[in-house]
Ligand code: HEM
Ligand code: HEM
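In this note's numbering, the protein residues as written are 624 to 985.
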């Protein structure tokens, strides 16, 4: 699974950043309350040391995290409500602001109180400001107020994540949670929380799978297929819940005619040198009548559009066969430009037919 984000999902790095920070912030509150209650003595001093060192580590990790965020696409908001989308953006930036401002305030407070920070007992950091009792008092109040502001924000944030999961029933929490796989690899996750139980992985068999399409050229129907692609499936047919990601090598297009294939790979059509991959990414699989619907996006020639693939499924023991088809408009993805743009030469509608046989992985 990718480290980088895509327009639909968080990569592993973003998830690791998120949950490491969440655990560290929880530890910060636990230590803060403990150190506050401890009698004056070595244990209290050591607790302060841990609080300061972990707090400054959170600052460093947040700076790295924001740089990583800038270098990555931001997964699109799942949901239809504009005010909720805006509120989530504001809340996320406020969370980042707290993760930056709180440690800086703590560091300034420590310097003003003339208690320099010894980072994990490894190095003493320089005091950014000179000691000043009155200022230390002020900064302490600011640090405390902001800390409880962060706590309230996190409570709201977690409640919103649960609302997405339990009421809207979308993939918001799930797409952030899959990092539990990593955590469980380190033996820290509980057996019940592991999503692999809920959404077992399936491995597609290329010999028994096909991604084909039909279009019209000068009025005649032409069938073709993509020979090279990679399919990642997590799916629980009983629930149903799952994720599917299909990455197609556009250069592997085969329409049964060499000249036509060269044309199809050219910049007018798939522009395979600039856009070597087409990606169908579905994080929401739901029941639809007798079959299922994989709701996601198709990214083709740099254009990302929502796409829902209806499919039927037959499961026989540990082998599943999925079959689905849908019609897309090639113009949505700028496939066929220049003299090919009119639908007299090539029809706008292209039917895509997918047939995948996969076996369950244990
Ligand atoms: C101290 C604790 C936490 C902090 C500081 C925090 C911070 C953040 C931030 C800054 C983001 C935005 C990521 C980005 O798009 O750049 C985020 C996303 C997210 N957080 Fe947290 N979080 C915390 C705890 C939690 C908890 C407890 C939950 C679940 C119950 C949760 C669920 C989520 C989810 C689902 C997203 C992704 C939202 C989306 O898809 O747009 N977080 N969090
Ligand atoms: C995300 C980072 C941080 C969080 C969530 C956090 C949270 C807290 C909380 C909840 C308290 C207790 C407030 C109270 O009830 O009195 C506290 C106190 C304190 N924090 Fe932090 N803190 C963070 C970072 C830092 C850093 C980086 C430093 C220093 C370098 C620091 C230094 C202190 C000190 C010295 C106190 C005790 C103040 C007093 O004497 O009452 N904190 N912090």
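C-beta atoms are modelled at their ideal positions from N, C-alpha and C, and glycine is treated no differently.
If you're wondering where the values come from, they're calculated on a predicted model, not measured in any experiment.
Review point. Measuring CA to CA, which of 752, 945 and 656 is closest to residue 734?
Key: 752
Check your understanding: Ordered along the chain, which non-local residues of its own chain (more than five positions away) have a Cβ less than 7 angstroms from that of residue 938?
Key -> 860
Practice item. Let me know if residue 698 comes out buried or exposed under the rule of 16 or more other beta-carbons within 10 Å of its beta-carbon. Key: buried
Exercise for review: Measure the Cβ-Cβ separation of residue 901 and residue 923 and say whether it is below 8 angstroms.
Suggested key: yes
Exercise for review: Compute the Euclidean distance between the alpha carbons of residue 679 and residue 728, then round it to the nearest angstrom.
Suggested key: 10 angstroms
**Study point:** Cβ-based burial, residue 756 [other Cβ within 10 Å; buried from 16]
**Key:** exposed
Check your understanding: Would you call the region 624-631 and the region 685-701 in contact, with 3 or more CB pairs under 8 angstroms?
Key -> yes
Review point. If you draw a straight line from the alpha carbon of residue 812 to that of residue 794, how long is it in whole angstroms?
Key: Residue placement at residue 812 is flagged as unreliable, the pLDDT there being 39, under the threshold of 50; the coordinate-derived value follows with that caveat. Between residue 812 and residue 794, the C-alpha separation is close to 20 angstroms.
Review point. Who are residue 843's beta bridge partners in DSSP?
Key: 840
Check your understanding: Measuring CB to CB, does residue 917 end up less than 8 angstroms from residue 934?
Key -> yes
Review point. Taking 7 angstroms as the cut-off, is the CB of residue 785 close to at least one heavy atom of ligand 4?
Key: The model on display carries ligand 1 and ligand 2 but not ligand 4.
Check your understanding: Are there 16 or more other CB atoms within 10 angstroms of the CB of residue 814, so buried, or fewer, so exposed?
Key -> Confidence is the limiting factor: at residue 814 the pLDDT is only 39, short of 50, which leaves the residue's position unreliable and the question unanswerable from this model.
Review point. Got a sec: does ligand 1 put a non-hydrogen atom nearer than 7 angstroms to the Cβ of residue 724?
Key: no
Practice item. Report yes if the C-beta distance between residue 825 and residue 982 is below 8 angstroms; otherwise report no. Key: yes
Point to revise | Closest residue to residue 905 among 925, 870 and 875 (Cα-Cα distance) | key: 870
**Study point:** Burial state of residue 666, where buried means 16 or more other Cβ atoms lie within 10 Å
**Key:** exposed
Review point. Just how far apart, CA to CA, sit residue 647 and residue 877?
Key: 52 angstroms
Point to revise | Integer-rounded CB distance, given that residue 725 should sit under 8 angstroms from residue 761 | key: Between residue 725 and residue 761 the Cβ distance is about 15 angstroms, and since that is not below 8 angstroms, they are no contact.
Check your understanding: Can you find a heavy atom of ligand 1 that lies under 7 angstroms from the Cβ of residue 698?
Key -> yes
Point to revise | Residue range of the beta strand (DSSP E) that includes residue 826 | key: 824-827
Exercise for review: Report all residues from its chain with a CB closer than 7 angstroms to the CB of residue 723; omit the five preceding and five following residues, and keep chain order.
Suggested key: 682 and 685
Practice item. Hey, could you find the ends of the beta strand (DSSP E) residue 908 is sitting in? Key: 900-911
Practice item. Measure the Cβ-Cβ separation of residue 754 and residue 741 and say whether it is below 8 angstroms. Key: no
Exercise for review: Could you tell me which residues DSSP puts in a beta bridge with residue 945?
Suggested key: 936 and 979
Review point. Three-state secondary structure (DSSP) at residue 971?
Key: coil
Exercise for review: Could you tell me the distance, in whole angstroms, from the CA atom of residue 672 to the CA atom of residue 745?
Suggested key: 11 angstroms
**Study point:** Spatial neighbours of residue 792 in its chain, beta-carbon cut-off 8 angstroms, leaving aside the 5 residues before and after
**Key:** none
Practice item. Under 7 angstroms Cβ to Cβ from residue 884, same chain only, skipping five residues before and after it: list those, please. Key: 876, 877 and 878
Review point. Could you give the C-beta distance for residue 959 and residue 853, rounded to a whole number, given that I count them as a contact under 8 angstroms?
Key: That belief does not hold up - the Cβ atoms of residue 959 and residue 853 are roughly 26 angstroms apart, past 8 angstroms.
Practice item. Taking residue 846 and residue 837 to be in contact with their CB atoms under 8 angstroms, please state how far apart those CB atoms are, rounded to whole angstroms. Key: 5 angstroms
Review point. Should residue 619 be listed as close to ligand 2, given that the test is whether its C-beta is under 7 angstroms from any heavy atom?
Key: One cannot answer for residue 619 here, as it falls past the ends of the chain, which runs 624 to 985.
**Study point:** Under 8 angstroms between C-beta atoms of residue 911 and residue 928
**Key:** no
Check your understanding: Going by the CB atoms, is the gap between residue 976 and residue 948 shorter than 8 angstroms?
Key -> yes
Exercise for review: State the start and end residues of the unbroken alpha helix (DSSP H) segment that holds residue 659.
Suggested key: 635-660
Practice item. Compute every distance between the C-beta of residue 646 and the non-hydrogen atoms of ligand 2, then say whether any falls below 7 angstroms. Key: no
Exercise for review: Please report how far the alpha carbon of residue 786 lies from the alpha carbon of residue 796, in whole angstroms.
Suggested key: 9 angstroms
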